[in-house]
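Structure, as structure tokens:
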Amino acid sequence: MKMDNDKRKILRLLCFLLSALLVTTASAAVYNYVYLQASPISAETPYIKFVSGTDANSTIGTNGTWAIITNMTGWPNATRVYEDALEIQNFDGDPHNCELMFDSWSGDMSSVLYIYVKVFNSIGGTQQGGTLSVTGGNSTGTFSLPASTTWYLQWEIKWDGAALSTYKVNVTLKLKVS
Amino acid sequence: MPLSAPLQPEFLGILGIDIFLALSMLTCIFDFPVLLQYVYHISAFVGFGQLWINYVFAFSEETRFLICLAYLVIGLANIIFINGYIGSRDKKILWTTALLCCITIPSILISLSAVSCYVNRIAISLPLFPLIPPEAVMAILLMCGGILAISLVVSAFVPEFHGSSVSKKKREVKDR
């Protein structure tokens, strides 16, 4: 009789174990489908936009989500500064964390002594975040862009003494907004 | 590939389900009344149903959190009760301490850290859950029901629904 009870107990335990495995799998799957999958993903108006600066010509993309600065130049052995090359504007009622990051560059890179990009709260004002060095490939670090505020991108360019007027580089940066 | 995402309140519900499943197996191993074993197992199913209810009725996040927290706390309270009951019934320090160290304390600590992570909105890395087609979830649940039914049929032949083999042994010793 005891043997019989033990067998039943083992059988019951096996059933519990199997059922437990299935329940945990099913609940994990439900959690995954119901609560972790993002659906629907809708489109919204971007709240951080690029705006043309006063020191350089730029093409602003649709919705202000991208910008191309078209006419910046640098001098050999001297630093050329564009204090208002481009602007970043927060159209939202809340502040947002931003980070300007180096993405890639190409061209006569070996003749560039440095290209620095800095973010200022006003032209000639206080620098926000760190200095993005294109030659160093780093970022400005995260800075908080207050609500309904425009900040200014300052570019500092210096070619080496042997650079010719035909030399050029293309720089791509990216702005991370959270 | 780890998945880093802020926890949803239902994660606490899943912890509660696991706790009830562990309880049903523990009570089976330690010869608790068969009825109690099934109550715990069915409680795990109730927790699973609660995941669906939370989703279907689209409660506010706060309500979902409170429901899941209550479920988890009930599960933890039962684990503490079972641990204490085994300690007082069997008087085996080794078993009681082992249960305390291997199940009760880790369950409480994991639950507390999960609640803390949720409340503080900390994104933690979770392993990717198995990708099961949604249609299979119903089939899995039906299988669970089938297994539970088989288990009930097996248990139906057990003459006693109350009392443990340990206490039976003690009674046999007294009779002698």
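Residue numbers (the numbering used here), protein chains in the order written: chain D, 177 to 354; chain V, 938 to 1113.
Glycine is no exception: its CB is placed at the ideal position from the N, C-alpha and C atoms.
This one's a predicted model, so the numbers in the text were calculated from it and none came from an experiment.
Beta strand (DSSP E) containing residue i: first to last residue?
{"i": "D:Arg256", "result": "Arg256 to Asn266"}
{"i": "D:Ser228", "result": "Ile224 to Ser228"}
{"i": "D:Ser234", "result": "Ser234 to Ile236"}
{"i": "D:Val295", "result": "Val288 to Phe296"}
{"i": "D:Thr307", "result": "Gln303 to Ser309"}
{"i": "D:Ala243", "result": "Ala243 to Ile245"}
Which residue's Cα is closest to the Cα of residue i: the options?
{"i": "V:Val983", "options": "V:Val1074, V:Ser1048 and V:Gly950", "result": "V:Gly950"}
{"i": "D:Ser282", "options": "D:Ile291, D:Val295, D:Tyr209 and D:Val199", "result": "D:Ile291"}
{"i": "D:Ser228", "options": "D:Cys191, D:Asn253, D:Thr221 and D:Thr238", "result": "D:Thr238"}
{"i": "D:Ser287", "options": "D:Asn181, D:Thr235, D:Asn208 and D:Asp336", "result": "D:Asp336"}
{"i": "D:Lys225", "options": "D:Ile244, D:Ile264, D:Trp251 and D:Thr201", "result": "D:Ile264"}
{"i": "V:Leu1078", "options": "D:Val206, D:Ile186 and D:Leu190", "result": "D:Val206"}
{"i": "D:Leu321", "options": "D:Gly269, D:Ser341 and D:Leu349", "result": "D:Gly269"}
{"i": "V:Glu999", "options": "V:Phe967, V:Gly1083, V:Val1056 and V:Ile966", "result": "V:Val1056"}
{"i": "V:Tyr1008", "options": "V:Ile954, V:Glu1072, V:Ala995 and V:Cys1081", "result": "V:Ile954"}
For residue i, return the contacting residues in chain V, with the cut-off set at a CB-CB distance below 7 angstroms.
{"i": "D:Ser203", "result": "Ile951, Ile954, Phe985 and Leu988"}
{"i": "D:Lys185", "result": "Cys965"}
{"i": "D:Ser315", "result": "Going along chain V, no residue has its Cβ under 7 angstroms from D:Ser315, so there is no contact; the nearest lies around 21 angstroms."}
Within a Cβ cutoff of 8 angstroms, which residues of the same chain sit near residue i, ignoring the five residues on either side of it in sequence?
{"i": "V:Ser1104", "result": "Caution is warranted here: a pLDDT of 47 is assigned to V:Ser1104, below 50, making its placement in the model unreliable, and the coordinate value is therefore given only provisionally. Closer than 8 angstroms at Cβ, skipping near neighbours: Arg1026."}
{"i": "D:Asn346", "result": "Trp281, Ser282 and Gly283"}
At which residues does the alpha helix (DSSP H) containing residue i begin and terminate?
{"i": "V:Ile1059", "result": "Here V:Ile1059 belongs to no alpha helix (DSSP H), and DSSP marks it neither H nor E."}
{"i": "V:Leu961", "result": "Note on residue identity: the sequence assigns Ser, not Leu, to residue 961 of chain V. Glu947 to Ile966 is the extent of the alpha helix (DSSP H) around V:Ser961."}
{"i": "D:Ser341", "result": "No alpha helix (DSSP H) holds D:Ser341; DSSP gives it neither H nor E."}
{"i": "V:Ser1012", "result": "Sequence check: residue 1012 of chain V is Gly here, not Ser. Looking at the DSSP string, the run of the alpha helix (DSSP H) that includes V:Gly1012 is Glu998 to Asp1027."}
{"i": "V:Gly986", "result": "Val971 to Val993"}
{"i": "V:Leu1036", "result": "Ile1030 to Leu1036"}
Within the same chain, show all residues whose beta-carbon is closer than 7 angstroms to that of residue i, passing over the 5 residues directly before and after it, in chain order.
{"i": "D:Asn314", "result": "Phe278 and Leu308"}
{"i": "D:Lys352", "result": "Cys274, Glu275 and Met277"}
{"i": "V:Leu988", "result": "Glu947 and Gly950"}
{"i": "V:Ile1019", "result": "Leu960, Leu963 and Thr964"}
Please report whether the beta-carbon of residue i lies at a distance below 7 angstroms from any beta-carbon of chain C.
{"i": "D:Val206", "result": "Judged by its chain identifiers, the structure shown contains no chain C, and its protein chains are D and V."}
Going along the chain, which residues of its own chain have a beta-carbon closer than 6 angstroms to the beta-carbon of residue i, five neighbours each way excluded?
{"i": "V:His1099", "result": "Reliability of the predicted coordinates at V:His1099 is poor, the pLDDT of 45 falling under 50, and the value obtained from them is presented with this limitation in mind. Excluding positions up to five away in sequence, the list reads Pro970."}
Going along chain D in order, which residues have a C-beta closer than 7 angstroms to the C-beta of residue i?
{"i": "V:Val1074", "result": "Ala202, Ala205 and Val206"}
{"i": "V:Ser1053", "result": "The premise fails here: V:Ser1053 is roughly 19 angstroms from chain D at the closest Cβ pair, so nothing lies under 7 angstroms."}
{"i": "V:Ser961", "result": "Phe192"}
{"i": "V:Cys1081", "result": "Ser195, Leu198 and Val199"}
How would you list, in chain order, the residues of chain D whose beta-carbon sits under 9 angstroms from the beta-carbon of residue i?
{"i": "V:Ile1087", "result": "Leu187 and Cys191"}
Mind listing the chain D neighbours of residue i? Cutoff is C-beta to C-beta under 8 angstroms, in chain order.
{"i": "V:Phe982", "result": "Val199"}
{"i": "V:Ile1091", "result": "The amino acid at residue 1091 of chain V is misidentified as Ile; the sequence shows Val. Correct list: Arg184, Leu187, Arg188 and Cys191."}
Starting from residue i, follow its DSSP beta bridges and name the residues at the other end.
{"i": "D:Glu275", "result": "D:Thr318 and D:Lys352"}
{"i": "D:Leu329", "result": "D:Leu262 and D:Val295"}
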